[in-house]
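Before any comments, here is the structure.
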Amino acid sequence: MSTVVSLLFLFLITLWIVYGQNHITVLSQADDPNCAKCDTRAVCIRLSNGSGVSCVCLPGFALSSSTGRCVLQGFCSNATSRCVCSSGYGGLMCELDINECATNERICGAFSCTNLPGDYKCDCDFFHSGKRCQNISGVGIFVVTISSLILLLIIGFLILFGIRTLLAYRLSKRVSRERELQLQNPCMATLTAGGMMGDDPLGNGSSFIRPIGHRIYVPMETSFAHATRVQAEREDDDKRQIPPPPPKYTS
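Numbering-wise, the sequence shown is residues -20 to -1, 1 to 231 according to mature numbering (1 follows the signal peptide of the UniProt record, and there is no 0).
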C-alpha cells in the first residue's frame, strides 16, 4: 500500500511539473461522464484553465497510438519480436490485465482473492499473513501456543484425576472387604500396621510378628487363650523358683 501511495504522489508531482501552475482536479465518472473513456490504467483529470477532461496514464504505462489505451511500458524481445510483459499482464502489447484469481482459484487457499492491476491480493484472516496467507501471524502463533498449553494442562489434570479415582476405588474396596470379614467373624483382630517386633512368649528373644505390606487376621480367642496360658506357665515357674520360707521354731 505504501508503494502505491508513493507512486501516486510522484505521479501527481509529475503532472504538476508538466502542466505548470494550473490547478489539477482528479475526477471520476460520477463527476464527469466523459471520464468513461479512460481505462483502469489512466486517471481522469481536469485543468483549471480548461473545460474538458484528459486521460493520463499511470506510472509504468504509456498511451498507445494505435488503440488509444494505456499499455504497459515493457520492452521488445529480439528473439520473439514481441513485447515482454511484466508479471500480471499479457496481450500483444501488454495491454491486458491477467486475472490471477480466475486463472487459479486456489491461489489464496481457503481465503478470498481480489484482482488488482497487474497483481492480486489475498484477504487473510487475523491469524494468517503473507502473499497467499501461507504464514501464521504473530497473533496466531500466540493463540496456538496458549491453546496447546491449556490442552496439555487439561490432559494432565484428567490423568491425575483418573489415578486418584482408581486409588480411591481400590482403597474403598479393600476397606469394604475388611468390614465384611469383621462382620462375619467379630472375634477376628486385624493387624494393620507395618511389621512389628515383639518378644517371643516362649523365650526365644525378639521375633518378627508379620511382614510389611500385608494384613493378618488373628483369632482373638486363640490369641488371648495362648497368652493367658503362657502367663500362667510363667507364674508357675516363678513360684517354683522361689525357695520356701525357713521353718519357724518355737521355744
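Even glycine gets a Cβ: it sits at the ideal position worked out from N, Cα and C. The structure presented is a predicted model; accordingly, all values stated were derived computationally and were not measured.
Taking C-alpha atoms, which residue in Glu80, Leu163 and Ser28 lies nearest to Asp99?
Glu80
Would you please state the rounded distance, in angstroms, between the beta carbons of Val119 and Phe106? I believe it to be under 8 Å.
6 Å
Per DSSP, which residues does Asn95 bridge with? Please list them.
Tyr100
7 Å CB neighbourhood of Ala16 in its chain, flanking five on each side removed:
Gln9
Could you tell me the alpha carbon to alpha carbon distance between Gly52 and Cys74, rounded to whole angstroms?
As written in the sequence, residue 52 is Leu, which differs from the Gly given in the question. Approximately 6 Å, taken between the alpha carbons.
Count the other C-beta atoms from every protein chain shown that fall within 10 angstroms of the C-beta of Asp216, then say buried if there are 16 or more, exposed otherwise.
exposed
Count the other C-beta atoms from every protein chain shown that fall within 10 angstroms of the C-beta of Phe41, then say buried if there are 16 or more, exposed otherwise.
buried
I'd like to confirm the pairing. Which residues does DSSP put opposite Tyr149 in its beta bridges?
For Tyr149, which the question treats as bridged, DSSP gives no partner whatsoever.
For Leu147 and Ser117, I'd like the C-alpha separation in whole angstroms.
45 Å
Mind checking who Val51 pairs with in its DSSP beta bridge?
Ala42
With 16 other CB atoms within 10 Å as the buried threshold, where does Tyr69 fall?
buried
Can you tell me whether Tyr197 is helix, strand or coil according to DSSP?
Below a pLDDT of 50, predicted positions are generally treated as unreliable, and Tyr197, at 49, falls in that range; the measurement from the model is reported next regardless. If DSSP states are grouped into helix, strand and coil, Tyr197 belongs with the strands.
What's the gap between the Cα of Cys104 and the Cα of Gly110?
8 Å
Put Ser34 into one of helix, strand or coil per three-state DSSP.
strand
Do Leu43 and Ile25 have their C-beta atoms closer together than 8 Å?
no
Hey, how far is the Cα of Leu27 from the Cα of Cys35?
11 Å
I'd like the span of the beta strand (DSSP E) that includes Thr5, first residue to last.
Ile4 to Leu7
If you scan the region 62 to 140 from start to end, which runs of the beta strand (DSSP E) of 3 or more residues do you find wholly inside it?
62 to 64, 92 to 96 and 99 to 103
DSSP three-state assignment for Ala22, whether helix, strand or coil
strand
Supposed contact pair Gly142 and Arg112 - C-beta distance, whole angstroms, cut 8 Å:
The Cβ separation is near 44 Å, so there is no contact.
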